[in-house]
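The working numbering applies: residue 26 is where the sequence shown begins, and numbers increase by one.
Just so it is clear, CB atoms sit at the ideal spot from N, CA and C, and this is done for glycine as well.
None of the values given here were measured: they were computed from a predicted structure.
All remarks here apply to the structure that follows.
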Amino acid sequence: MRKKIVAGNWKMNKSFDEGIQLVKEIIELYAQEVKSQTYVVIAPPYIHLHKIQPLLFDMPMIALGAQNCSEMSSGAYTGEISTAMLKSVGCDYVIIGHSERRQYFNETNDLLAKKIDIALTNLLQPIYCVGETLDERNSGKLFEIIESQLSEALYHLPSENMRQVVVAYEPVWAIGTGQTASSAQAQEMHGFIRKIIAKKFGDELAENISILYGGSVKPDNAKELFSQPDIDGGLIGGAALQARSFIDIVKGF
Ligand code: 13P
26 MRKKIVAGNW KMNKSFDEGI QLVKEIIELY AQEVKSQTYV VIAPPYIHLH
76 KIQPLLFDMP MIALGAQNCS EMSSGAYTGE ISTAMLKSVG CDYVIIGHSE
126 RRQYFNETND LLAKKIDIAL TNLLQPIYCV GETLDERNSG KLFEIIESQL
176 SEALYHLPSE NMRQVVVAYE PVWAIGTGQT ASSAQAQEMH GFIRKIIAKK
226 FGDELAENIS ILYGGSVKPD NAKELFSQPD IDGGLIGGAA LQARSFIDIV
276 KGF
C-alpha cells in the first residue's frame with residue numbers, strides 16, 4: 026500500500042509568528058477532522074523549521090519538510106543550508122527540483138541528481154518535482170520531457186534508495202494560475218510516470234512509490250484528483266497558506 030501524502034509548500038510566505046500560528050491551526054484541525062490515513066508534510070521556509078519540530082511530537086501523521094537544500098555537504102557556501110542541518114532540525118522530507126527552482130535559479134537535472142543523493146545520504150525523503158511548461162505540452166514532446174527529468178535525476182539510484190523518493194508532477198502552467206490540470210490529464214501523466222518507473226525499477230517498486238499532483242489544487246477539486254488511481258496525494262501551494270483550505274484538501278481522501 027503506498028502512502029497518501031498531502032504536502033504544503035509555503036514557498037516564500039509567512040512571517041515567523043504567522044507560520045507558527047498556521048502550524049498550530051493545522052494540527053488542531055487535523056486532530057479534530059481528518060479520519061483517513063493521510064500523511065501531511067509541512068514545508069515552511071527554513072527559519073520556521075526548528076520551532077515547528079516540537080509542535081509535531083504528538084502528531085505521527087504530520088512531518089516536516091524543507092523546500093530546498095544544498096548539493097554540498099558543508100563548507101564555504103555562503104547562504105546555503107545542508108541536508109545534515111535539515112535533518113538536525115527534524116526534517117524528514119525535502120522538496121527537490123521545484124519548477125520555481127529550475128526556472129529562477131537555473132537548477133538542472135544534473136544538479137538535482139546531486140541534491141537527491143545528498144538528501145538520501147542524510148535520510149531525508151526527496152519530493153522530486155517534474156513538470157512541463159505550456160509550450161512544452163503544446164509541442165507534443167510532453168512525455169519525453171517528463172521522462173528526461175526523471176531519468177537524469179533518478180535513474181542512477183539503487184532500488185533501495187529509489188524506494189525513498191516521492192515524485193510530484195506539477196505542470197508549470199497549472200502552478201499558481203488557478204488553472205488545474207483536469208483529473209484525466211493528471212491521471213494520464215501519473216500513469217505514464219508509474220509505467221516508466223516500473224520499466225526501470227520493476228513493477229513492485231513502482232506500485233509502492235507515491236506520486237503527488239501539484240498545481241492549483243483547491244478544496245473543490247482535490248477529491249476528484251485524489252480519486253484517480255495513480256494520484257497518491259498533492260503538493261499544495263497557495264491553498265496551504267490557510268489551515269481551513271489545507272485541511273479541506275487533506276479531507277479530499
Ligand atoms: P499552487 O497550489 O499555488 O498552484 O502551487 C503549487 C505548487 O507549486 C506547490 O509546490
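DSSP bridge partner residues for residue i (one or two, in chain order)
i	result
Gln174	Answer is none; Gln174 lacks a bridge partner.
Gly259	Val31, Tyr238
Val119	Ala91, Pro151
Closest residue to residue i among the options (Cα-Cα distance)
i	options	result
Gly90	Arg188, Ala206, Ser40, Met110	Met110
Leu145	Asn186, Phe130, Ala178	Asn186
Phe82	Glu96, Ile72, Lys49	Lys49
Phe41	Ala265, Leu54, Lys60, Ile77	Ile77
Ala193	Ala209, Leu182, Glu177, Ile171	Ile171
Phe217	Val242, Trp198, Ile256	Ile256
Lys224	Arg126, Lys140, Ser184, Glu105	Ser184
Gln267	Glu43, Lys140, Glu58	Glu43
His73	Met86, Gly104, Arg127, Trp35	Trp35
Gly115	Ser95, Tyr129, Tyr71, Ala101	Tyr71
Glu105	Ala209, Asn93, Glu161	Asn93
Ile51	Met37, Gln210, His75, Leu80	Leu80
Arg27	Ile234, Tyr238, Lys166	Ile234
Ser208	Gly239, Val191, Thr202	Gly239
Leu230	Ala199, Gly259, Arg188	Arg188
Leu137	Glu249, Glu161, Gly122	Gly122
Ser107	Gly259, Leu260, Glu213, Ile141	Ile141
Lys112	Ala247, Val190, Pro69, Leu148	Leu148
Val65	Asp117, Met97, Asn38	Asp117
Secondary structure of residue i, DSSP reduced to three states
i	result
Thr108	helix
Lys28	coil
Leu179	helix
Ala193	strand
Val275	helix
Gly100	coil
Lys36	coil
Lys166	coil
Ile206	First, the residue type needs correcting, since residue 206 is Ala and not Ile in the sequence shown. Coil, per DSSP.
Arg188	coil
Ile200	coil
Gln267	coil
beta-carbon residue i near the ligand HEM non-hydrogen atom, thresh 8 Å
i	result
Gln267	Annotation note on the ligand HEM: not contained in the displayed structure, which lists the ligand 13P as its ligands.
9 Å Cβ cutoff, residue i in contact with chain D
i	result
Ile52	Of the protein chains in this structure there is only one, and it is not chain D.
Alpha helix (DSSP H) segments (min. 4 residues) lying fully within the segment 130-162: 134-146
Start-end ranges of the alpha helix (DSSP H) lying completely within the segment 224-255, minimum 4 residues: 228-233, 244-251
Pocket of the ligand 13P (residues with CB nearer than 6 Å to any heavy atom), chain order: Asn34, His123, Glu195, Ile200, Gly201, Gly239, Gly240, Ser241, Val242, Leu260, Ile261, Gly262, Gly263, Ala264
4-residue-minimum alpha helix (DSSP H) runs that sit fully inside the segment 39-97, ordered along the chain: 41-58, 74-77
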